[in-house]
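**Student:**
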Amino acid sequence: MKILIVDDEPNILSSVGSALERMGHIVVSASSAKAGEKAIEETIDVALLDVWLGDGDGIELLAQIKRRYPQIECVMISGHAEIGTAVTAVKSGAYDFLEKPLSLDKIEVILNNIARLKKLESERDTLREQLGESSRLIGQSQAIKALKKTIARVAPEDSRVLITGENGTGKELIARLIHDNSPRSKAPFVAVNCAALPDELIESELFGYEKGAFTGAAKSKPGRFELATGGTLFLDEIGETSAKTQAKLLRAVEEGKITRLGGTAEIVIDVRVLSATNKDLKKMISEGKFREDLYYRLAVLLVEILPLRERREDIPLLVQYFADSFCRKTGRPPKKFDKSTIEILERYHYPGNIRELANYIERIVILSQTETIDINEIKLYLPQLVESEFLGSLKLASEQYERDYIAKCIVRAGGNMTKAAELLGLERSHLYKKMKSLGMEA
277 MKILIVDDEP NILSSVGSAL ERMGHIVVSA SSAKAGEKAI EETIDVALLD
327 VWLGDGDGIE LLAQIKRRYP QIECVMISGH AEIGTAVTAV KSGAYDFLEK
377 PLSLDKIEVI LNNIARLKKL ESERDTLREQ LGESSRLIGQ SQAIKALKKT
427 IARVAPEDSR VLITGENGTG KELIARLIHD NSPRSKAPFV AVNCAALPDE
477 LIESELFGYE KGAFTGAAKS KPGRFELATG GTLFLDEIGE TSAKTQAKLL
527 RAVEEGKITR LGGTAEIVID VRVLSATNKD LKKMISEGKF REDLYYRLAV
577 LLVEILPLRE RREDIPLLVQ YFADSFCRKT GRPPKKFDKS TIEILERYHY
627 PGNIRELANY IERIVILSQT ETIDINEIKL YLPQLVESEF LGSLKLASEQ
677 YERDYIAKCI VRAGGNMTKA AELLGLERSH LYKKMKSLGM EA
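To get my numbering, take the position in the sequence shown, counting from 1, and add 276.
1. Which one of C470, E349 and A552 has the shortest CA to CA distance from R436?
2. Taking just the CA atoms, how far does H706 sit from I686?
3. Check whether the Cβ atoms of E479 and K447 lie closer than 8 angstroms to each other.
4. Note the first and the last residue of the continuous alpha helix (DSSP H) segment covering S524.
5. Could you tell me if R343 is buried or exposed, where buried requires 16 or more neighbouring beta carbons within 10 angstroms of its beta carbon?
6. What first and last residue would you give for the beta strand (DSSP E) that runs through R548?
7. Span of the beta strand (DSSP E) holding L324?
8. Beta-carbon within less than 8 angstroms of K533's beta-carbon, same chain only, minus the 5 sequence neighbours each way: which residues are those?
9. Could you name the residues of the same chain whose beta carbon sits closer than 6 angstroms to that of L280, not counting the 5 residues immediately before and after it, in chain order?
10. Is DSSP giving Y371 helix, strand or coil here?
11. Report all residues from its chain with a CB closer than 8 angstroms to the CB of I682; omit the five preceding and five following residues, and keep chain order.
12. Quick check on this structure: which residue in T648, A519, T508 and T361 has the alpha carbon closest to the alpha carbon of Q596?
13. Give the DSSP bridge partners of M352, in chain order.
14. Taking a contact to mean a Cβ-Cβ separation below 8 angstroms, would you say G484 touches P464 in this structure?
15. Name the two residues that bound the continuous alpha helix (DSSP H) containing N457.
16. How would you write the range of the beta strand (DSSP E) that T508 sits in, first residue to last?
17. I'd like the list of long-range same chain contacts for P583, defined as Cβ closer than 8 angstroms, with 5 residues on each side in sequence excluded.
18. Is it the case that the Cβ atoms of E530 and A471 are separated by a distance below 8 angstroms?
19. Opposite V304 in the DSSP bridges: which residues?
20. Cα separation between A519 and L570?
21. Using the Cβ count rule (16 or more neighbours within 10 Å means buried), how would you classify S294?
22. DSSP three-state label for E442, please.
23. Determine the burial state of K611: buried for a count of at least 16 other Cβ atoms within 10 Å of its Cβ, exposed for fewer.
24. Let me check understanding here. Comparing Cα to Cα, which of V641, K615 and R588 lies closest to S601?
25. Just to confirm my understanding: we take I288, look at its own chain, exclude 5 residues before and 5 after, and list those with CB closer than 6 angstroms. What are they?
26. Quick one: Cα of R298 to Cα of K382, how far?
27. Using three-state DSSP, classify N692 as helix, strand or coil.
28. In the DSSP output, which residue or residues are listed as bridge partners for A467?
29. Classify T648 as helix, strand or coil using the three-state DSSP reduction.
30. Rounded to whole angstroms, what's the CA-CA distance from A311 to A365? Just pull it up for me.
31. For S616, count neighbouring Cβ atoms within 10 angstroms of its own Cβ and tell me buried if that reaches 16, exposed if not.
32. Going by the CB atoms, is the gap between I427 and I450 shorter than 8 angstroms?
33. Taking the alpha carbon of S496 as the point to measure from, which residue in I514, T535, F598 and D512 has its own alpha carbon closest?
34. Using a Cβ-Cβ cutoff of less than 6 angstroms, which residues in the same chain neighbour A494 once the five nearest sequence positions on both sides are dropped?
35. Look at the Cβ atom of C350, then the Cβ atom of G369, and state whether they are nearer than 8 angstroms.
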């Protein structure tokens, strides 16, 4: 662990520091409260703080550390131990209190206990992250409520499901949710990104291969269908598969059997297939790019995920969720977003959907030096959001100008649309189309 020692006695810094280094720890030393303040940073695991420092109060330094970096465990040390001081230290967030002369054995016991505590906290946070990713849909919009109801209905069934939505909307998250709430939840969830695998590899990945099936096949290997036995196979970007792969997939889902590359034996498979796409598969069917029979085998049940721009009321909750998750994972102090910042984040159109929002929040949490992120930091670190805001405002202003000008011409023409069109230099039919596009009544 990385340990900060703050004490104004040089012999303490030297003897304890050397002992801790022999134990395998990284030691940072400071001989004053001021030097201790400068040495505090997020990679410190433990701080040993003298209560009485020549230029300050160790209890105040403790409070400052816990306020800025709550994950740092602090142990107070003092040569003038009093019960009242110890109680104050513990109330301020100290992990323990040691009297001078210091016992290295006691220090080692405390550090071992802290290491165990940090390991448990890390495991707990990892579990929380996993639960957050696999069992929570953040938001309170009607779209999210409807999606939760749909998942609750389709998860207990064993029918195949097609999940549709733009890139970044969270299609794999939905697939995991369906799996986690299904009778197959204790069996494997195996995901395959069909778009990430070249055509010559996707078949061997899905169906496996026998030894000698091709150059480099030194031993037999099971495919994803076999690895998912008893559980769920998730085929992401199913629209990217070739006609040859689609034919093999059709046989697998129809007959419940596969054959490895280079093999002849039929292998019975027991998997639930979930698939996802950001494409219009029905259009691809009409263009001859996707098999209609495979579509109807995969799309027994349909789940549609709306883009983020169509459920903007969820953005404030998502912003805080991503910020809290990233701060917790990296040991940073919590971050907040002021009202004007949230409003800008709400108005942006997010072509990359939730994935794009998560990227922006992680970026600004890393770069921001303040506890509350405001509009100035958005301008500095995420200028594209502000530029988008300006362009959107410019478009609105331009459209309003057009409405006003058309209305004035109609008034000048006494309500005669033919004359109004002449004043505007337009055909009458074009004027009606223009008014419709601007939301004006003829």
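Don't be surprised by glycine CBs; every beta carbon is placed ideally from N, CA and C.
**Tutor:** Quick look at the numbers:
1. Within the sequence shown, residue 436 is the residue found at index 160, counting from 1. For R436, the nearest C-alpha among the options comes from A552.
2. As a working mapping, residue 686 is identified with position 410 in the sequence shown. As a working mapping, residue 706 is identified with position 430 in the sequence shown. When rounded, the distance between both Cα atoms is 14 angstroms.
3. Your numbering for residue 479 matches position 203 in the sequence shown. Your numbering for residue 447 matches position 171 in the sequence shown. No, the pair does not count as a contact, with Cβ atoms beyond the cut-off.
4. Residue 524 sits at position 248 when you count from the first residue of the sequence shown. The sequence given here places Lys at residue 524; Ser does not occur at that position. Element bounds for K524: A519 to E531.
5. Translated into the one-based positions of the sequence shown, residue 343 becomes position 67. It is exposed - the Cβ of R343 has fewer than 16 other Cβ atoms within 10 Å.
6. What you label residue 548 is simply residue 272 of the sequence shown in a count that begins at 1. Unbroken beta strand (DSSP E) run through R548: R548 to T553.
7. In the sequence shown, residue 324 corresponds to position 48, counting from 1. Start and end: V322 to D326.
8. Locating residue 533 in the sequence shown gives position 257, counting from the first residue. Only R527, E542, I543, V544 and I545 meet the Cβ criterion.
9. The residue labelled residue 280 in the question sits at position 4 within the sequence shown. The answer, listed in chain order, is V304, A315, I320 and A323.
10. Walking along the sequence shown from the start, residue 371 turns up at place 95. Y371 falls in the coil class under three-state DSSP.
11. Here residue 682 corresponds to residue number 406 of the sequence shown, with the count starting at 1. Closer than 8 angstroms at Cβ, skipping near neighbours: A696, L700, L707, K710, M711, L714 and M716.
12. Looking up residue 596 in the sequence shown gives position 320. Comparing Cα positions, the closest option is T648.
13. As a position in the sequence shown, residue 352 is number 76, starting the count at 1. Answer by DSSP bridge pairing, in chain order: L325 and F373.
14. Here residue 484 corresponds to residue number 208 of the sequence shown, with the count starting at 1. Here residue 464 corresponds to residue number 188 of the sequence shown, with the count starting at 1. No.
15. Mapped onto the sequence shown, residue 457 falls at position 181. No alpha helix (DSSP H) contains N457, which DSSP labels as neither H nor E.
16. Start at 1 with the first residue of the sequence shown, and residue 508 comes out as number 232. Here the beta strand (DSSP E) through T508 covers T508 to D512.
17. As a position in the sequence shown, residue 583 is number 307, starting the count at 1. Answer for P583: G441, E442, T445, Y626 and N629, listed in chain order.
18. Locating residue 530 in the sequence shown gives position 254, where the first residue counts as 1. Locating residue 471 in the sequence shown gives position 195, where the first residue counts as 1. Their beta carbons are not under 8 angstroms apart, which means E530 does not touch A471 by this criterion.
19. Along the sequence shown, read from residue 1 onward, the residue named residue 304 stands at position 28. V304 pairs with L280.
20. One-based indexing of the sequence shown puts residue 519 at position 243. One-based indexing of the sequence shown puts residue 570 at position 294. The alpha-carbon atoms of A519 and L570 are separated by roughly 11 angstroms.
21. Translated into the one-based positions of the sequence shown, residue 294 becomes position 18. S294 comes out exposed.
22. As a first step, residue 442 must be located in the sequence shown, where it is residue number 166. Residue state, collapsed to three classes: coil.
23. Here residue 611 refers to the residue found at position 335 of the sequence shown. By the neighbour-count rule (16 or more Cβ atoms within 10 Å), K611 is buried.
24. Counting from one through the sequence shown, the residue named residue 601 turns up at place 325. It is V641.
25. For the purposes of this step, residue 288 is identified with residue 12 of the sequence shown, where counting begins at 1. Within the same chain, I288 has no close Cβ partners at all.
26. Taking the sequence shown and counting its residues from 1, the one referred to as residue 298 is at position 22. Taking the sequence shown and counting its residues from 1, the one referred to as residue 382 is at position 106. The alpha-carbon atoms of R298 and K382 are separated by roughly 15 angstroms.
27. Locating residue 692 in the sequence shown gives position 416, where the first residue counts as 1. Looking at N692 - three-state DSSP - the assignment turns out to be coil, as it is neither helix nor strand.
28. For the purposes of this step, residue 467 is taken as the residue at position 191 of the sequence shown. F510.
29. In the sequence shown, residue 648 corresponds to position 372, counting from 1. Strand, per DSSP.
30. In the sequence shown, the residue the question calls residue 311 occupies position 35. In the sequence shown, the residue the question calls residue 365 occupies position 89. Going by the C-alpha atoms only, they are around 20 angstroms apart.
31. Here residue 616 is taken as the residue at index 340 of the sequence shown, counted from 1. The residue in question, S616, is exposed, as its Cβ has fewer than 16 Cβ neighbours within 10 Å.
32. For the purposes of this step, residue 450 is taken as the residue at position 174 of the sequence shown. For the purposes of this step, residue 427 is taken as the residue at position 151 of the sequence shown. Result yes, Cβ atoms of I450 and I427 sit closer than 8 angstroms.
33. Taking the sequence shown and counting its residues from 1, the one referred to as residue 496 is at position 220. When each option's Cα is compared against that of S496, the closest is T535.
34. Your numbering for residue 494 matches position 218 in the sequence shown. If we look at A494 and ignore the five residues flanking it on each side, it has no Cβ neighbours.
35. Taking the first residue of the sequence shown as position 1, residue 350 is located at position 74. Taking the first residue of the sequence shown as position 1, residue 369 is located at position 93. Yes.
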